[in-house]
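What follows is a set of notes on a single structure, which appears directly below.
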Amino acid sequence: MLTQLSVQNFAIVRFLELDLHQGMTTITGETGAGKSIAIDALGLCLGNRAEASVVRQGADKAEISAQFDLSNNQGAQLWLQQNELLSDDECILRRVVTKEGRSKAYINGTAVPAAQLKSLGQYLVSIHGQHAHQLLLKPSQQLSIVDQYAAHPQLIKDVKQAYQAWKSLCNEKELAVQQQNELAAQRQLLEYQVKELDEFALQPGEYQSIEQQHQCLSHSTELQQSSYQLTQLLGHDEHVNVLDMLGQACKTTSQLLELDPKLDAINNLLHEAQIQVEEATQQLDSYSEQLDYDPELFAELEERLSQALELARKHQTNPEQLPDLHQSLQQQLEQLSQQTARFEHLAEDIDKAWQHYLAKANKLSKSRERAANSLSKQITKEIHKLSMAKAQCEFALQSDEQFTNANGIDRIELLVRTNPGQPMQAIEKVASGGELSRIGLAIQVICSASILTPTLIFDEVDVGISGPTAAVVGGMLRQLGKQCQVLCVTHLPQVAGHGHQQMLVSKQQKKNETITNMHALNADQRLEELARLLAGDAITASALANAQELLIQD
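Residue numbers (the working numbering): 6 to 559.
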């Protein structure tokens with residue numbers, strides 16, 4: 006629960022420090038005194054949008070901090086633990102806003118984005134504003150109320166996830182349908198290209214080999230002549246050849262070696278040269294024998310080279326790269342085939358996803374129906390206490406697949422009958438402003454009791470209520486205060502008298518500035534404040550006596 010609130014230089018507040026307690030605390034004060042300022046300041050600590058206008062005139066910054074006791078708040082403790090911000094059973098939220106509009110947020114002394122304040126705030130405080138009952142006129146709010154009362158967040162999450170999965174598949178199919186014509190043309194082209202390359206079947210490195218063979222056959226005559234001349238020069242010429250001359254040289258060095266051993270290295274080199282020339286001559290002989298011109302092979306090579314060059318030109322690539330291109334086109338064709346197969350299975354997947362969504366949505370509908378029936382009875386019971394003895398409320402649930410969205414297949418309409426004999430009608434058609442306010446208050450109290458957020462704040466939710474009805478409202482809020490901490494900003498003495506504690510907001514004019522203060526009232530001060538609310542500034546003995554009757558103590 007909220008244990009302390011500190012406010013500095015916020016709006017018309019210079020400094021304010023409040024110690025808060027369990028039970029129901031009422032906040033009263035004259036009109037325009039700023040009874041809701043503390044609530045607005047707390048809203049900043051809970052992640053509300055910060056603006057430069059909240060900084061008190063003449064100050065550099067506004068600073069608000071709120072301290073909470075988490076000893077019985079497992080939800081907040083778990084959130085803090087998951088975000089590595091846990092600090093025992095206590096939590097301090099702090100917000101600083103500069104006059105330039107810059108904002109800083111802190112949780113237990115650690116700087117955090119403002120969004121994290123809002124995320125944590127849902128486990129700490131629930132604020133109900135004075136215009137909340139107007140939201141009852143919106144169907145989306147009516148559905149939200151039933152969901153809030155039903156407390157089935159997992160069912161809502163399951164339906165949203167199932168809807169998103171189904172919708173995603175539908176979008177995928179829609180996109181696939183749009184792409185089908187384009188993909189069909191692309192696939193037809195790829196199939197033709199791959200078939201053409203399949204038939205040609207050029208292997209990696211084959212083009213270079215064909216090109217080399219073709220070159221050899223093209224110059225076979227020249228190669229034969231030159232090879233013959235070279236073999237003659239090296240060893241076959243009867244008159245002069247290299248082998249004979251090397252043989253004579255080796256013979257001479259061998260003889261000289263006997264006279265001078267230093268010629269040994271030269272002798273070895275000449276013998277090696279003789280051996281190598283002899284091997285070269287033999288290989289040339291073998292090479293010459295293989296140089297026979299083959300016109301059929303030459304024609305085949307010529308044709309394959311021509312085809313390779315033509316395909317390379319068509320695909321705007323080099324002939325050597327045709328095998329890589331072939332593989333790439335095959336992969337593209339395979340991917341398109343997979344997309345086509347995926348498209349063929351999409352209808353089946355969509356149907357499965359739709360059935361899954363319907364199963365989750367129907368489960369949510371049944372839970373909503375149970376909650377709507379129970380909530381309708383409770384609201385009817387509560388508004389009977391609020392001077393609407395013959396009225397009846399009903400959350401009418403209609404489930405239909407045509408309502409399909411991420412929230413399920415349901416529409417809810419809040420129907421009301423304010424007088425016997427009248428038909429049940431939509432609340433916006435029959436409820437007056439005062440009746441709408443009372444119904445809204447009953448719903449807020451019932452739903453708040455079902456959720457049991459540690460701290461509940463009601464900011465002038467009793468507008469349009471007076472007399473005995475106000476006393477009933479005060480009793481409802483006091484009863485709620487026995488389960489959790491309730492802070493209630495009110496202008497009604499019948500409500501204020503039900504508080505376990507009471508605070509007074511006052512406004513003072515000092516020189517050229519206005520200052521708002523808030524402080525807790527003791528028993529005598531409470532009587533005076535209740536009497537003022539009853540009779541105005543002229544407090545009489547009769548007003549004090551009436552105030553004493555309104556002051557509830559148990």
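C-beta: ideal position from N, C-alpha, C; glycine also. Computed from a predicted structure; not experimentally measured.
In angstroms with no decimal places, state the Cα-to-Cα distance between residue i and residue j.
| i | j | result |
| --- | --- | --- |
| Asp-152 | Ser-372 | 9 Å |
| Gln-237 | Asn-323 | 42 Å |
| Ala-546 | Leu-535 | 12 Å |
| Gln-169 | Gln-159 | 15 Å |
| Ser-293 | Tyr-233 | 7 Å |
| Lys-395 | Leu-555 | 27 Å |
| Ser-259 | Leu-268 | 9 Å |
| Gln-130 | Arg-422 | The amino acid at residue 130 is misidentified as Gln; the sequence shows Val. Approximately 33 Å between the Cα atoms of the pair. |
| Lys-172 | Gln-166 | 10 Å |
| Leu-49 | Val-117 | 14 Å |
| Ser-92 | Ser-76 | 11 Å |
| Ala-270 | Ala-254 | 14 Å |
| Leu-148 | Ala-447 | 16 Å |
| Leu-289 | Gly-252 | 20 Å |
| Lys-386 | Ala-16 | 41 Å |
| Gln-430 | Phe-400 | 11 Å |
| Val-466 | Ala-181 | 53 Å |
| Leu-140 | Gln-146 | 6 Å |
| Pro-328 | Gln-208 | 6 Å |
| Leu-59 | Thr-521 | Residue 59 is actually Val in this sequence, not Leu. Cα to Cα, Val-59 sits roughly 14 Å from Thr-521. |
| Asp-542 | Cys-452 | 37 Å |
| Tyr-128 | His-350 | 44 Å |
| Leu-363 | Gln-13 | 53 Å |
| Asn-527 | Gly-426 | 50 Å |
| Leu-142 | Ala-436 | 10 Å |
Determine which residues share a DSSP beta bridge with residue i and list them.
| i | result |
| --- | --- |
| His-524 | Leu-509 |
| Gln-430 | Val-421 |
| Gly-472 | BP columns for Gly-472 are empty, so no partner. |
| Phe-400 | Leu-419 |
| Ala-270 | None; Ala-270 has no bridge partner. |
| Gly-34 | Val-510 |
| Val-18 | Phe-15 |
| Asp-24 | Gln-9 |
| Val-491 | Met-29, Leu-461 |
| Asp-74 | Glu-95 |
| Val-60 | Phe-15 |
| Lys-390 | Paired residue(s): none; Lys-390 is not in a bridge. |
| Asn-410 | Gly-413 |
| Glu-68 | Gln-13, Val-101 |
| Lys-515 | Glu-518 |
Can you find the residues in the same chain that come closer than 6 Å, C-beta to C-beta, to residue i, ignoring five residues on each side of it along the sequence?
| i | result |
| --- | --- |
| Arg-99 | Ser-70, Tyr-111 |
| Gly-439 | Gly-469 |
| Leu-463 | The sequence shown places Phe at residue 463, rather than the Leu named in the question. Here the set comprises His-133, Cys-493. |
| Gln-9 | Asp-24, Gln-72 |
| Asn-551 | Leu-539 |
| Asp-74 | Met-6, Thr-8 |
| Gly-413 | Val-164, Ala-366, Leu-369 |
| Val-500 | Asp-467, Ala-475, Val-478, Gly-479 |
| Lys-434 | none |
Please go through the same chain and pick out, in chain order, the residues whose beta-carbon is closer than 8 Å to the beta-carbon of residue i, but skip the five residues on each side of it.
| i | result |
| --- | --- |
| Ser-108 | Ala-55, Arg-100, Val-101, Val-102, Ala-119 |
| Glu-201 | Leu-316 |
| Leu-341 | Leu-188, Gln-191, Arg-192, Leu-195 |
| Thr-36 | His-496 |
| Asn-246 | Gln-237, Leu-238, Leu-239, Gly-240 |
| Ala-417 | Looking at the sequence itself, residue 417 is Ile, so the reference to Ala does not match. Around Ile-417: Pro-144, Gln-147, Leu-148, Val-151, Arg-373, Ala-377, Phe-400, Ala-401, Leu-402, Gln-403. |
| Pro-124 | The displayed chain sequence assigns Ser, not Pro, to residue 124. These residues qualify, in order along the chain: Gly-52, Trp-84. |
| Leu-420 | Cys-398, Glu-399, Phe-400, Ala-401, Met-429, Gln-430, Ala-431, Ile-432 |
Between the options, which has its C-alpha nearest residue i's C-alpha?
| i | options | result |
| --- | --- | --- |
| Glu-518 | Gln-13, Arg-61, Ala-401, Thr-36 | Arg-61 |
| Ser-511 | Ser-11, Gly-39, Gln-13, Trp-359 | Gly-39 |
| Leu-338 | Val-199, Gln-430, Gln-490 | Val-199 |
| Ile-215 | Leu-239, Thr-286, Glu-307 | Glu-307 |
| Gln-213 | Glu-325, Ala-364, Ala-358 | Glu-325 |
| Met-6 | Leu-310, Lys-178, Ala-81 | Ala-81 |
| Cys-175 | Met-250, Leu-264, Glu-353 | Glu-353 |
| Val-450 | Val-491, Asn-424, Leu-419, Gly-472 | Val-491 |
| Ala-156 | Thr-458, Asp-559, Pro-428 | Thr-458 |
| Trp-359 | Gln-407, Gln-332, Pro-473, Glu-263 | Gln-407 |
Suppose the cutoff is 7 Å on Cβ atoms and the five residues either side in sequence are ignored; what does the same chain contact list for residue i look like?
| i | result |
| --- | --- |
| Gln-506 | His-26, Gly-28, Thr-30, Ala-525 |
| Gly-126 | Leu-51, Gly-52 |
| Asn-113 | Leu-90, Ser-92, Cys-96, Ile-97 |
| Gly-34 | Lys-40, Leu-509, Val-510, Ser-511 |
| Leu-314 | Pro-324 |
Runs of beta strand (DSSP E) wholly within the region 102 to 162 (minimum 3 residues, chain order): 108 to 112, 115 to 117, 130 to 133
Completely contained alpha helix (DSSP H) runs for the region 277 to 356, where each covers 4 or more residues: 300 to 319
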